[in-house]
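The sequence shown lines up with residues 751 to 1020 when you count with the numbering used here.
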Amino acid sequence: MRALGGRGTSFQPLILCYHAISDTWHDPLSVGPRVFERQLHMILRSRMRPVTIAETLSGRGRLFHVTFDDAFRSVLDAVSILEGLRVPATVFACPAFADGGRVLNVRELAGEAAAHPAELTTMSWDELRDLADRGIEVGSHTLNHAHLTRLSDAELGHELSASREWLEDELGRPCRVLAYPYGEEDRRVRAATRAAGYEAAFGLPGRPSPMDVYALPRVGIWRGDTVLRVTLKTSSLARRSPEGLRNILRRRTPPRKVPGDDARTTRAAG
């Protein structure tokens, strides 16, 4: 893999960030399967080409890739949709939760975990192996879904290295990419991610300058996003001028709290 296209690139590839795929969990992190399928159809109709994560990182142009943070078990309901549309995807998992398919009961989601444990249950190792066997990339979301910028150097190195090694041991294939929990990263975290052996890492909205392969932006898709909002967020404008996009969205949609749109840190699991 190598960094996304250079300074002369007309279009940066579009990388979408989803979490849960569920009709029964009415949380911003959860998008219903039929809505998810309609969103993919909309992007395909815009003549964007679905590609693997490796092609996304090495290519340029009208490319897109789908990612899922947290490896919620409900994402399994999206696999047949992805396969039917021939859209590659990456799932980012925390090994400490995959060991037994535990509920993602991090502090930010404690209330939801208590009220809706089935919705926050993560995939087991067997389920992650099945995903990998079906061609879906499995990346790291750190070991314990930690706030990386708050950790000591030793703790940070352990979260990054141990998670990659555990995933590789269990899945029998390289773990090449990382998604930062909560979208949190800084220069120290990026340097530690590189030192831990990852080839690229992903955050949430933003556009680093110059482009950094260890801080690649994604477009978060949330339950309350309207068709107009998704259309604007996934357009070329979203990759060329994030601030301009946000200004348009503020003018065209009612005020509401959407995690991830205006800050790197979110209330929810990123």
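All residues carry an ideal CB built from backbone N, CA and C; glycine is no exception.
For GLY1020, the three-state secondary structure derived from DSSP is coil. Taking a 10 Å sphere around the C-beta of VAL853, we find 16 or more other C-beta atoms and assign the residue as buried. With a beta-carbon spacing of about 16 Å, PRO955 and GLY974 fall beyond the 8 Å limit used to define contacts.
If you look at ASP819, you'll find it in the beta strand (DSSP E) that goes 813–819. GLY809 sits in coil when the DSSP states are folded into three classes, being neither helix nor strand. Note on ASP820: 16 or more other CB atoms within 10 angstroms of its CB, so buried under the neighbour-count rule. Membership of ALA846 in the alpha helix (DSSP H) is indicated by the continuous run 845–848. ASP777 is classed as buried because its beta carbon has at least 16 other beta carbons within 10 Å across all chains shown. Spanning the alpha carbons of LEU906 and LEU928 requires a straight line of approximately 13 Å. Scanning LEU966, ALA882 and HIS908 for the CA closest to the CA of ALA839 turns up ALA882. Spanning the alpha carbons of LEU813 and VAL801 requires a straight line of approximately 6 Å. Boundaries for ALA896: no beta strand (DSSP E) harbours it, and the DSSP string shows neither H nor E there. Residue burial annotation: ALA848 is buried, with at least 16 other C-beta atoms found within 10 angstroms of its C-beta. Closest in C-alpha terms to ARG823, from the list ALA864, ASP880, GLY811 and LEU790, comes ASP880.
In the structure shown, ALA863 falls within a helical segment according to DSSP collapsed to helix, strand and coil. Note that the C-beta distance between PRO763 and THR806 is below 8 Å.
Around the beta carbon of SER830, fewer than 16 other beta carbons lie within 10 angstroms, which makes this residue exposed.
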